[in-house]
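Taking it in order: structure first as C-alpha cells, then the write-up.
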Amino acid sequence: MSAALNEAPNCPRRYPAKPTDVYLFGTCVLDLFDPEAGVSVVSLLEREGIRVHYPQDQTCCGQPAYTSGFPDQARAVAARQLPLFAGDWPIVVPSGSCGGMMRHHWPRLFADDPALLPLATSIAERVLELSEFLLHVVKPRWPRAGAAERVVLHTSCSARREMNTHLSARALLAQLPNLEVVLQDHEAECCGFGGAFSVKHPELSAAIASDKVDALEATAATRMVSADGGCLLNLNGTLQKRGSALRGEHLASFLWQRTQAPA
Amino acid sequence: MNAPTPIRFHANVRGVLANPVLRASFRGAMDFLMARRAAQFPAADAFEALRAQGEQIRQHSLARLPELLETLEANLQRNGIQVHWAETPLQACRLIIDLATRAGGDLVVKGKSMVSEEIELNHALEAAGIGALESDMGEYIVQLAGEKPSHIIMPAIHKTKEDIARLFADKVPGVDYTDSVDELIQIGRRVLRDKFRDTRVGLSGVNIAVAETGTLCLVENEGNGRMCTTVPDVHIAITGIEKVVARLEHVPPLLTLLTRSATGQAATTYFNWISGPRRAGELDGPREVHLVLLDNGRSGAYADIRLRATLQCIRCGACMNHCPVYARIGGHAYGTTYPGPIGQIVSPHMLGLEATQDLVTASSLCGACGEVCPVKIPIPDLLLQLRQQSQGNAAAPLLPGAGRGRKALQSISYQLFAWLYARPALYRLFSFVATRLRAFTPARQGVWTGSRAPLRPAARSLHERMKSRAGESCA
Ligand code: SF4
Numbered sequence: 082m083s084a085a086l087n088e089a090p091n092c093p094r095r096y097p098a099k100p101t102d103v104y105l106f107g108t109c110v111l112d113l114f115d116p117e118a119g120v121s122v123v124s125l126l127e128r129e130g131i132r133v134h135y136p137q138d139q140t141c142c143g144q145p146a147y148t149s150g151f152p153d154q155a156r157a158v159a160a161r162q163l164p165l166f167a168g169d170w171p172i173v174v175p176s177g178s179c180g181g182m183m184r185h186h187w188p189r190l191f192a193d194d195p196a197l198l199p200l201a202t203s204i205a206e207r208v209l210e211l212s213e214f215l216l217h218v219v220k221p222r223w224p225r226a227g228a229a230e231r232v233v234l235h236t237s238c239s240a241r242r243e244m245n246t247h248l249s250a251r252a253l254l255a256q257l258p259n260l261e262v263v264l265q266d267h268e269a270e271c272c273g274f275g276g277a278f279s280v281k282h283p284e285l286s287a288a289i290a291s292d293k294v295d296a297l298e299a300t301a302a303t304r305m306v307s308a309d310g311g312c313l314l315n316l317n318g319t320l321q322k323r324g325s326a327l328r329g330e331h332l333a334s335f336l337w338q339r340t341q342a343p344a
Numbered sequence: 009m010n011a012p013t014p015i016r017f018h019a020n021v022r023g024v025l026a027n028p029v030l031r032a033s034f035r036g037a038m039d040f041l042m043a044r045r046a047a048q049f050p051a052a053d054a055f056e057a058l059r060a061q062g063e064q065i066r067q068h069s070l071a072r073l074p075e076l077l078e079t080l081e082a083n084l085q086r087n088g089i090q091v092h093w094a095e096t097p098l099q100a101c102r103l104i105i106d107l108a109t110r111a112g113g114d115l116v117v118k119g120k121s122m123v124s125e126e127i128e129l130n131h132a133l134e135a136a137g138i139g140a141l142e143s144d145m146g147e148y149i150v151q152l153a154g155e156k157p158s159h160i161i162m163p164a165i166h167k168t169k170e171d172i173a174r175l176f177a178d179k180v181p182g183v184d185y186t187d188s189v190d191e192l193i194q195i196g197r198r199v200l201r202d203k204f205r206d207t208r209v210g211l212s213g214v215n216i217a218v219a220e221t222g223t224l225c226l227v228e229n230e231g232n233g234r235m236c237t238t239v240p241d242v243h244i245a246i247t248g249i250e251k252v253v254a255r256l257e258h259v260p261p262l263l264t265l266l267t268r269s270a271t272g273q274a275a276t277t278y279f280n281w282i283s284g285p286r287r288a289g290e291l292d293g294p295r296e297v298h299l300v301l302l303d304n305g306r307s308g309a310y311a312d313i314r315l316r317a318t319l320q321c322i323r324c325g326a327c328m329n330h331c332p333v334y335a336r337i338g339g340h341a342y343g344t345t346y347p348g349p350i351g352q353i354v355s356p357h358m359l360g361l362e363a364t365q366d367l368v369t370a371s372s373l374c375g376a377c378g379e380v381c382p383v384k385i386p387i388p389d390l391l392l393q394l395r396q397q398s399q400g401n402a403a404a405p406l407l408p409g410a411g412r413g414r415k416a417l418q419s420i421s422y423q424l425f426a427w428l429y430a431r432p433a434l435y436r437l438f439s440f441v442a443t444r445l446r447a448f449t450p451a452r453q454g455v456w457t458g459s460r461a462p463l464r465p466a467a468r469s470l471h472e473r474m475k476s477r478a479g480e481s482c483a
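Protein chains in written order, with the working numbering: chain V, 82 to 344; chain F, 9 to 483.
If you want it as C-alpha cells, here you go:
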C-alpha cells in the first residue's frame with residue numbers, strides 16, 4: 082500500500098565529522114531485554130575506530146512517564162541522565178523513540194529550569210539515532226558480504242516522524258551485498274505498541290499489532306529488522322504467541338552478525 | 009454540557025473489533041481515502057510549503073479571534089445577515105427553533121453540518137415539533153438508519169452498499185431492493201428534491217467565515233448545500249467561533265488544503281459564497297439569512313495557549329483517515345460527535361475530561377495525524393497536554409474534569425518508576441535481580457500476554473555486559 086508511505090527526504094540535518102569518541106545511551110528496553118543489540122552497537126563502532134563511552138549511571142529517558150501524563154516523574158529520571166552526557170561527544174541512541182524523547186522533549190521538559198536547560202539543549206543537538214549516525218557520520222565499509230537473504234524492515238513511528246531516520250536504516254541495509262530488503266503492506270503504519278497504550282488499550286494495541294504481523298509474514302522474509310527495541314518487544318511477543326517462525330532483530334545485532342569477519 | 013460519566017470507550021472498542029466485516033470495510037475505505045489524498049500531494053516540499061501557509065493563516069486568525077469576530081459580525085450585519093451568539097448547544101438549539109418557528113416552518117432541510125450534530129439539533133427540533141431532513145446523501149442515510157455520522161466528511165462510511173440497499177427498501181416508501189449505487193443515489197435525490205420546493209427553512213454549516221467582507225464560504229459536492237441555502241425563504245447557517253479568517257485572500261490556500269486533504273479533490277463541485285439575503289430586484293435567494301456562532305468550549309481552548317492549536321482545525325478528516333486506531337474501530341466507538349484524532353483533542357473542550365478520559369489515552373502517539381494535518385496541528389503534543397491535565401499533573405488553566413483520569417495504581421507505578429530510575433545504583437541492583445530471576449518469568453503478565461508471549465529479561469543486562477568490557481575501551 083503505497084498510499085500511506087512517507088517518502089519525504091531526510092531533513093537537511095547537519096552531521097558532524099566522524100568523531101574519535103561517542104557516548105552510548107543504551108535505552109532501558111535494550112538494557113533488560115536485548116543487551117546483545119547494545120553490545121553490537123559498541124562492536125560496530127569500535128571496528129570503525131570509535132571509542133564508545135557508556136556511563137554506568139544511565140537508566141531511562143523518562144518516556145514512559147512522559148507519554149502517560151506524568152512530566153514531573155519523567156523530569157526526575159531525565160535530570161539524572163543529563164550530567165552523564167555533559168562532554169561534547171555525539172550521543173548515539175539505538176532507538177528512534179528514545180532518541181526522539183531526548184532530542185525533542187528533553188528541552189521542553191527543562192524549559193523552565195535555567196540550570197539544566199543549556200545541557201538539555203546541548204544533548205538534544207548531539208543525539209543521533211544509530212542508523213543516521215552510521216549512514217551519515219561513520220560511513221562504514223562492510224568487511225564481509227554475508228549470505229543471500231531476504232529481510233523485512235520495520236521502522237518505528239518515532240524514527241519516521243520525530244527523527245526522520247526511516248530512510249537511513251533502509252539506506253544502510255541497501256549497502257549490504259546479497260541482501261534483499263522488502264517492505265511490508267502499510268509499511269508506514271504503527272505496530273500498535275505505544276508504550277503505556279499497549280496496556281491501557283490492550284485490544285486496540287493487539288488488533289494493530291496483529292495486522293502488522295500479518296503484513297510482515299506475508300513478505301516471506303526470513304527475518305525482520307528494526308532499529309527500535311519497543312516495537313521489537315511488541316512484534317516479537319505477538320509473533321511468538323501466534324507460533325510464527327519469523328522473528329525480529331535489532332538493526333545493530335543484524336549488521337554486526339552479518340558483517341563480522343569469520344572467527 | 010459536561011457529560012459526567014466516562015464514555016464507554018473500551019466496551020465500544022471490543023464490540024467493533026469483534027466484527028470482521030466492519031473492520032475490513034473501514035480499512036478499505038481508509039486506504040481509498042489515503043490514496044486519494046496522496047495523489048493530490050505528489051511533492052512533499054510543495055505540500056510542506058502549502059501547509060505552512062495554512063498553519064500561519066489559522067494561527068494569525070486565532071491570535072486575533074475576539075477582534076475578528078467583532079469585524080465579522082459588523083460586516084455580516086452590513087450585508088443583511090443576522091448574527092446570533094450561542095454559548096451552549098442548548099442556546100443554539102433554542103435560537104434555531106425560534107427562527108424556524110417565526111418563519112412558520114414545520115420542516116428544516118439541512119445541508120451537511122457537523123456543528124448541528126454537535127448541538128444535536130435534530131433531536132431538539134423534533135422535541136419542538138419541527139421535522140429535520142438531512143439533504144446530504146451520507147447524512148440522509150445515517151438519519152434514515154437512526155444513527156450518527158461515523159466520519160466528519162463521510163458520515164455513512166461505516167455502511168456497505170448492501171446495508172444502504174436494505175435500508176432504502178425498508179424505509180423509503182415504494183422502493184424495492186437494489187444494490188446499484190447509481191440507482192440508490194437517484195432514489196435519494198428524488199426524495200430530497202421534492203422536499204426542497206416547499207420547505208421554508210434551510211440550514212447549513214460554514215467552512216470559512218471571512219471577517220473583512222462578511223462572507224460565509226461553504227464547500228460541497230452534491231449541490232444540496234446550494235439548494236438549502238438558496239431555495240427556502242430562510243437560511244440559517246451555524247458554525248463554531250473558530251472558523252473566522254481576516255481576509256478574502258486567506259480563503260484559497262485553506263480551501264485547496266481542505267478539499268485535497270478531505271476527499272482528494274483539487275476542488276469541490278460546488279463552492280458557495282454567501283454574502284447576504286435576496287436584494288431588492290433579485291429573483292431568487294432566501295429572504296433572511298442568519299448565522300449562529302457557537303462557543304461550546306471553544307473559548308476555553310482559545311484561552312489555554314497550550315491547547316489553542318486545537319482550534320486551527322479546518323475539519324478535513326485526514327487525521328481520521330490516517331489513524332491506525334480510527335481505521336480499526338471507525339467513528340461510533342468514540343461516542344463523540346467528532347471521532348478520531350481531531351475528536352480526541354476537541355471533545356474534552358465540549359464534554360470535559362471526565363467523559364473523555366479514555367479517549368485522550370487511546371493513541372499510540374504514532375504521529376500519523378500530525379504528519380498529514382493540513383494546518384499542522386501538533387495532535388500528539390496536544391494529547392500529551394490533555395493526558396497531563398487528565399492525570400492532574402498540569403498547571404491552571406485546567407479543563408473541567410481535570411484530574412479525574414487519575415488512578416491510584418497508575419500514579420503509584422510512575423512514582424515508583426521515578427524513584428527507582430533516578431537512583432542508578434538501586435536501578436543496577438534491580439536489573440541484576442531481574443535478570444537473575446529470568447527463569448521465574450511469569451507466563452501471564454496481565455494484559456500484555458493477552459496477545460503476546462511473556463517478556464523475559466536477558467541473562468545479563470547491558471550495564472553488566474558493558475562493565476565487563478570496561479577494560480577494553482569504555483569510560
Ligand atoms: S485536525 Fe487537522 S487533519 Fe484533523 S480534521 Fe482538523 S485539519 Fe484535518
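Don't be surprised by glycine CBs; every beta carbon is placed ideally from N, CA and C.
Model, not experiment: these values are computed from the prediction.
Asked	Found
Contact check, V/E243 vs V/G181, beta carbons under 9 Å	yes
7 Å Cβ shell around F/Q48 - same chain, five flanking residues per side excluded	R268, G272, A274
For F/W93, the three-state DSSP class (helix, strand or coil)	strand
One or two residues paired with V/D266 in a DSSP bridge	V/D266 pairs with nothing; no bridge assigned.
Bridge partners - V/R304, DSSP secondary structure assignment	V/V232
Distance CB(F/A37)-CB(F/I165) smaller than 9 Å	yes
Rounded Cβ spacing between V/V232 and V/V208 (contact assumed at less than 8 Å)	Not confirmed; about 26 Å, so no contact.
Chain F residues whose Cβ lies nearer than 8 Å to that of V/N352	Residue 352 of chain V is absent from the structure shown; chain V starts at 82 and stops at 344.
Partner residues on chain F for V/D112, Cβ-Cβ distance less than 8 Å	S439, S469, L470, H471
Chain-ordered residues of the segment 137-155 of chain V with a beta carbon less than 9 Å from chain F	Q137, D138, Q139, T140, C141, G143, P145, A146, Y147, T148, S149, G150, F151, P152, D153, Q154, A155
Three or more C-beta pairs below 8 Å linking the segment 326-339 of chain V and the segment 118-129 of chain V	yes
Proximity test, Cβ basis, 9 Å: F/C374 and chain V	yes
Contacts that F/Y429 makes with chain V (C-beta to C-beta distance below 7 Å)	T140, C141, V158
The segment 262-278 of chain V: positions lying closer than 9 Å to chain F by Cβ	H267, A269, E270, C271, C272, G273, F274, G275, G276, A277, F278
V/M305 versus F/M328: straight-line alpha-carbon distance, rounded	29 Å
Range covered by the alpha helix (DSSP H) that runs through F/S269	259-270
Strand pairing of F/E142, partner residues [DSSP]	F/K118
Nearest to V/P221 (by Cα), restricted to the options V/A252, V/N317, V/D292	V/A252
As assigned by DSSP and simplified to three states, the class of V/A342	coil
Ranges of the alpha helix (DSSP H) found wholly within the segment 327-391 of chain F, counting only runs of at least 4	334-337, 348-359, 376-380
Backbone secondary structure at F/K156 - three-state DSSP	coil
Contact the segment 150-161 of chain V vs the segment 180-198 of chain V: 3+ CB pairs below 8 Å	yes
F/P261: CB within 8 Å of a non-hydrogen atom of ligand 1	no
Residues that DSSP places opposite V/R132 in a beta bridge	V/D102
Any chain V beta carbon closer than 9 Å to F/N27	no
F/K167, buried or exposed, once every other Cβ within 10 Å from all chains shown has been counted against 16	buried
For F/R306 and F/M358, the rounded distance between their alpha carbons	8 Å
Span separating the alpha-carbon of V/F106 from that of V/L125	15 Å
Chain-ordered chain V contacts of F/S398 [CB-CB under 8 Å]	G150
With 16 other Cβ atoms within 10 Å as the buried cut-off, status of V/L313	buried
Distance, F/S372 Cα to F/P382 Cα	21 Å
Local Cβ density within 10 Å of F/Q393, reported as buried at 16 or more and exposed below that	buried
Within chain F, partners of V/P116 - CB distance below 7 Å	A466, R468, S469, L470, R473
Segments of 4+ residues assigned as alpha helix (DSSP H) that fall wholly inside the segment 385-470 of chain F	387-398, 416-429, 432-444, 456-459
contact_flag[the segment 150-164 of chain F, the segment 339-354 of chain F] where n(CB pairs < 8 Å) is 3 or more	yes
Cβ-Cβ distance between F/T443 and V/L113 below 9 Å	yes
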